[in-house]
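The structure appears below as structure tokens.
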DNA sequence: AAGATTACTTGATAAATGTTAGTTAATCAT
DNA sequence: ATGATTAACTAACATTTATCAAGTAATCTT
């Protein structure tokens, strides 16, 4: 499991054998099942998660109690309520497993230690958070400028695995449309 | 002009007379005219701006060359291409004056100094950046869950001054709709 | 395995938004 | 000030998306 993490990290930055040892110490492997909620809305996010295998999402309940999916991630990516995690404030979203997952998690305090002990991880964690923020900006701009169909096509192109692994309802919510509309778009294409 | 800045800061954190002195040193007053572009797409953002009076926006040119407005701000708020500014990378947006403006600007290197010399400003700048990110998240969620009319009503409620000061085209772009649709919504309400 | 529940699809219709084009109003340049 | 350009509004029509209701498929529970 750790190998996936190390591979992903080394795709972005150079890491030393000490860094590898630090990962071994600070990351913990867990294998939660489908539908498990690992972090909750209105609570401080405890961990940053690396997805070795499986799919996870962030969602919140709106005024009507409906679930709104704000992020969907698959293998070899990091996920948490990023901004809330960084500042250790209450999260606005729940973090949930969409499928059974193999994860590596690190607590906020251990991440602080890790960053403290390794300049490489300092750099790397900045990149992760930066990417998370950038992807939110891109989501906003896509919602503002693309039609539902264009957003769906873009999703297929960029993360095709999502189609086989994530329920239509969640994909629709993430795309900002109703499940019925997504059904229609899928049939048409 | 500095008073507006100091008032705004002290709404959020406690500041000392030393802090006030630091502001005097590091912030520079400028009065750019309507339509002036202060920071450009594909270049490193040079400054963080505090709007004493006037309105500013961030926009980018999409594939078709159309302008997409991603942020509109008025008096007593901070604006720049936040993420790019923080990491001193090329901006994805232009920063433009919508009206004639009175601004206070601080360069990236001076902000670093300011943060270094005052724990209060360190805290405060974190809050500014956090708010910028949060507002992007809210924009994305609004675009995903609200109708054009609901988004417009929300904008009226939260920033009514925008209506009198920002061209319809830019408001429409920010709301993710066509100017004609916004015209219709305005007439109806 | 059988029934109950939930997820997905389909169809008919309504509502919202986009498109095109023309008109009026506002702004700009000389 | 005047004509030229740009912005905003309006209307008719087209397209997209939502809503409601029903049917089928998949999953869960016992």
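Residue numbers (my numbering), protein chains in the order written: chain A, 97 to 285; chain B, 97 to 285. Heads up, the beta-carbon is just placed ideally off N, CA and C, and yes, glycines get one too.
Using a CB distance below 8 Å, the part of the stretch 222-240 of chain B facing chain A consists of 222, 226, 229, 230, 232, 233, 235, 236, 237, 239 and 240, ordered along the chain.
Identification of chain A residues near residue 183 (chain B) by a Cβ-Cβ cut-off of 8 Å yields 222 and 226, ordered along the chain. Between residue 171 (chain B) and residue 147 (chain B), the C-beta gap is smaller than 8 Å, which places the two residues in contact. Here the stretch 218-233 of chain A lies against the stretch 174-188 of chain B, with 3 or more beta-carbon pairs under 8 Å apart. Close CB contacts of residue 134 (chain A) within its chain, under the 6 Å cut and outside five residues either way in sequence, are with 191 (chain order). In this structure residue 161 (chain A) is exposed. Its beta-carbon is surrounded by fewer than 16 other beta-carbon atoms within 10 angstroms. Residues of the same chain with a CB within less than 6 Å of the CB of residue 131 (chain A), apart from the 5 flanking positions on each side, do not exist. The Cβ of residue 158 (chain B) sits closer than 8 Å to at least one Cβ of chain A. Of the residues assessed, residue 120 (chain A) falls on the exposed side of the cut-off, its CB having fewer than 16 other CB atoms within 10 angstroms.
Taking C-alpha positions only, residue 107 (chain B) is separated from residue 283 (chain A) by approximately 54 Å. Going by C-alpha positions, residue 200 (chain A) is about 15 Å away from residue 210 (chain A).
With distances taken between CA atoms, residue 141 (chain A) lies nearest to A:187 out of A:246, A:221 and A:187. Only those residues of the stretch 175-208 of chain B whose C-beta falls short of 7 Å from the nearest C-beta of chain A are listed: 179 and 183.
A Cβ-Cβ distance of about 5 Å is found for the pair residue 262 (chain A) and residue 194 (chain A), placing them in contact under the 8 Å criterion.
By a beta-carbon distance limit of 8 Å, residue 248 (chain A) does not contact residue 222 (chain A). Their separation comes to about 32 Å. With respect to chain B, the C-beta atom of residue 161 (chain A) has no partner C-beta closer than 8 Å.
Residue contact with chain A for residue 166 (chain B): present (Cβ-Cβ distance below 8 Å to some residue of chain A). Between the alpha carbons of residue 281 (chain B) and residue 169 (chain A) lies a distance of about 36 Å. Within the same chain, Cβ atoms closer than 7 Å to the Cβ of residue 153 (chain B) are found at 165, 167, 168, 192, 194 and 266, the five residues on either side in sequence being excluded. The beta carbons of residue 206 (chain A) and residue 122 (chain A) sit closer together than 8 Å. Residue 272 (chain A) belongs to the set of residues whose beta carbon lies under 8 Å from a beta carbon in chain B. The continuous stretches of beta strand (DSSP E) do not include residue 260 (chain A), which lies in the alpha helix (DSSP H) extending over residues 257-261.
Secondary structure remark: continuous beta strand (DSSP E) runs of at least 3 residues inside the stretch 133-221 of chain A, in chain order: 133-135, 143-149, 152-157, 163-169, 173-175, 190-193 and 198-203. The bridge partners DSSP lists for residue 125 (chain A) are A:200. The C-alpha of residue 203 (chain A) lies about 14 Å from the C-alpha of residue 217 (chain A). DSSP places residue 266 (chain B) within a helical segment (H, G or I) once states are collapsed to three. Excluding sequence positions up to five before and after residue 100 (chain A), its CB lies within less than 7 Å of the CB of 148 and 172, all in the same chain and listed in chain order.
The closest CA to that of residue 157 (chain B), considering only B:137, B:258 and B:237, is found on B:137.
Counted as a single uninterrupted DSSP element, the alpha helix (DSSP H) harbouring residue 280 (chain A) occupies residues 275-284. For residue 108 (chain B), the enclosing alpha helix (DSSP H) starts and ends at 98-108.
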